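Protein chains in written order, with numbering that gives the first Met the number 0: chain A, 0 to 222; chain B, 0 to 222. Glycine included, every Cβ here is placed at the ideal spot set by N, Cα and C. Being a predicted model, the structure only gives us computed values, none of them experimental.
Protein chains: 2
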Amino acid sequence: MTSIKVPIIENILEANDFVAEENRKIFSEHNIFCINIMAAPGAGKTALIVKTIELLKDKIRIGVIEGDTASVTIDSDQVVMAGAPAVQVTTAGECHMDAMMVRKGMEQLPLDDLDLVIIENIGNLICPAEWDLGSHADALVASVAEGDDKPWKYPNIYRNLDVLLITKTDLIPYVDYDIDHFKSGVEILNPGLVTFPTSAKTGEGFPAWTEWLLKKTKAAAEK
Amino acid sequence: MTSIKVPIIENILEANDFVAEENRKIFSEHNIFCINIMAAPGAGKTALIVKTIELLKDKIRIGVIEGDTASVTIDSDQVVMAGAPAVQVTTAGECHMDAMMVRKGMEQLPLDDLDLVIIENIGNLICPAEWDLGSHADALVASVAEGDDKPWKYPNIYRNLDVLLITKTDLIPYVDYDIDHFKSGVEILNPGLVTFPTSAKTGEGFPAWTEWLLKKTKAAAEK
């Protein structure tokens, strides 16, 4: 018998990362692009997702995995009304989603019939940054109402992002928010990060953002 | 020898609660009222604290313990400028403050010369709800820009509050926010909760809120 070296899975994050890697493989095998959307509570994740579905649903097939700390279906109901299958994963008070929750959500989605899976993470700027879910891209939604100092206050979440969505730009006239100051903070943490200023109310920025997402989704399908 | 039963401290929360109880006792021995202010990122905790200090600093002596995930001093600088001693406690990426962090902050404050200590918790609606810091009251700051569905989405944090501050009411005309819907959700979780709608911009609600806080502080001093 030859000696087989089995590395021990050391900690909860390592186990998580193992499942995340598998999730990513499963998505890729189905030619699906998966994006994980993070944000503070009330930043406008659901409004962004609903509008994105409305604009893209005739071009690609979209499924959503909704993370919620409580078992209310407010968000998933809105997503279903917008025309996409949604699975709600309740974290029962946990402060972030993990790869296993996403796996359970994936099992409920018709993966063979999807091109894009959007994960709506728990509203939290700290804990979700640590947990790989198995997505191909990580996005952050940052509302102008939160203030322009957030990159300095919550730097970790900005470091590994692939795309940043500034939301509620229609509120800029009514809040103290200097978009250049905000962007200068982001630039320190994540140079050259793709950034879309958007408003779900006025539609500003949605053509550019959905074009970016469509391009990524099509590239994943062609792999 | 008589048998002495020593209960074992079982978990991290039990150890935390032990320190928290001590913190509360130390505050009380110094005739200090301590309030823990929680919120989502960007809800306006710092603006509320700064304005509260400005309005109360001639009546009572206020100290602030600032929790931050990163070692930036944006918030504590603002508090010091408003005229109160502030200690910044950096959680080094942790998603909440705990009783030990507060203890370390207390050690840096001139407790003999204070009537009120305000703890500005980390911006997070989930994790801070679990951790007793040793305060006499827990407050939540909820901005109207976050939306009126938050009690349903983040119920745990509403359950044990002593006071609720609705902030940025000046934005109500520009956002979809039904204050009665919001309050109806709060009422289910925490019936009769003392609630102050406020705007740091217009000053709305600050006379009532600061009067409540002053009354609590004076009652603590007389005990």
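By the beta-carbon neighbour count (other beta carbons within 10 angstroms, threshold 16), Ile165(A) is buried. Inter-segment contact for the segment 42-57 of chain A and the segment 67-82 of chain A is present: three or more beta-carbon pairs are separated by less than 8 Å. Note that the C-beta distance between Ala207(B) and Val140(B) is not below 7 Å.
Ranking Asp97(A), Lys152(A), Tyr153(A) and Leu110(A) by CA distance to the CA of Ile11(A) puts Asp97(A) first.
Annotation for Val49(A): the continuous alpha helix (DSSP H) segment containing it runs Lys44 to Leu55. Looking only at Ala19(A), Thr89(A), Leu212(A) and Pro154(A), the smallest Cα-Cα distance to Ile187(A) is reached by Pro154(A).
By the criterion of at least three beta-carbon pairs nearer than 8 Å, the segment 19-34 of chain B is in contact with the segment 94-113 of chain B.
Proximity to Phe195(A) across Gly146(A), Leu163(A), Thr45(A) and Leu110(A) peaks at Leu163(A), based on C-alpha coordinates. Contact check for Pro150(B) and Val185(B): beta-carbon distance about 5 Å, within the 8 Å limit, so the pair qualifies.
Within the DSSP bridge table, the entry for Ser142(B) names Thr166(B) as partners. The residue among Lys214(A), Asn189(A) and Val174(A) with its C-alpha nearest the C-alpha of Ala144(A) is Val174(A).
Ala136(A) and Asp179(A) have their C-alpha atoms spaced approximately 25 Å apart.
Using a Cβ-Cβ cut-off of 7 Å, Tyr157(A) does not count as an interface residue toward chain B, since no Cβ of chain B sits closer than that to its own. Taking 7 Å as the CB threshold, Pro127(B) stays off the interface with chain A. Counting the other Cβ atoms within 10 Å of the Cβ of Lys214(A) gives fewer than 16, which makes it exposed.
Using a Cβ distance threshold of 7 Å, Gly66(A) and Glu106(A) do not count as a contacting pair. Separation of the CB atoms of Thr90(B) and Thr68(B) is rounded to 5 Å, and the pair is thereby assigned contact status at 8 Å. Collapsing the DSSP output to three states places Glu20(B) in a helix. Nearest C-alpha to Ser27(B) among Thr45(B), Gln87(B) and Leu110(B): Leu110(B). Excluding its 5 nearest sequence neighbours in each direction, Asp112(B) has C-beta neighbours in its own chain below 7 Å: Arg60, listed in chain order. Cα atoms of Phe32(B) and Asp74(A): separation of roughly 39 Å, rounded to the nearest angstrom. Taking the CA atoms as reference points, Leu124(B) sits about 30 Å from Gly191(A). A Cβ-Cβ distance of about 14 Å is found for the pair Ala39(A) and Pro127(B), leaving them out of contact under the 8 Å criterion.
A direct Cα-Cα distance of roughly 14 Å separates Val63(B) from Gly133(B). In the same chain as Trp211(B), and ignoring 5 residues on each side of it, the C-beta atoms closer than 8 Å to its own belong to Val162, Val193 and Phe195, in chain order.
In this structure, the straight-line span from the alpha carbon of Glu93(B) to that of Ser198(B) is close to 29 Å.
Listed in chain order, the non-local C-beta contacts of Asp169(A) below 7 Å within the same chain comprise Ser198, Lys200 and Thr201, local neighbours out to five positions each way being set aside. For Gly104(B), the uninterrupted alpha helix (DSSP H) run begins and ends at Ala98 to Glu106, by DSSP. Proximity to Asp16(B) across Ala46(B), Met37(B) and Glu129(B) peaks at Glu129(B), based on C-alpha coordinates.
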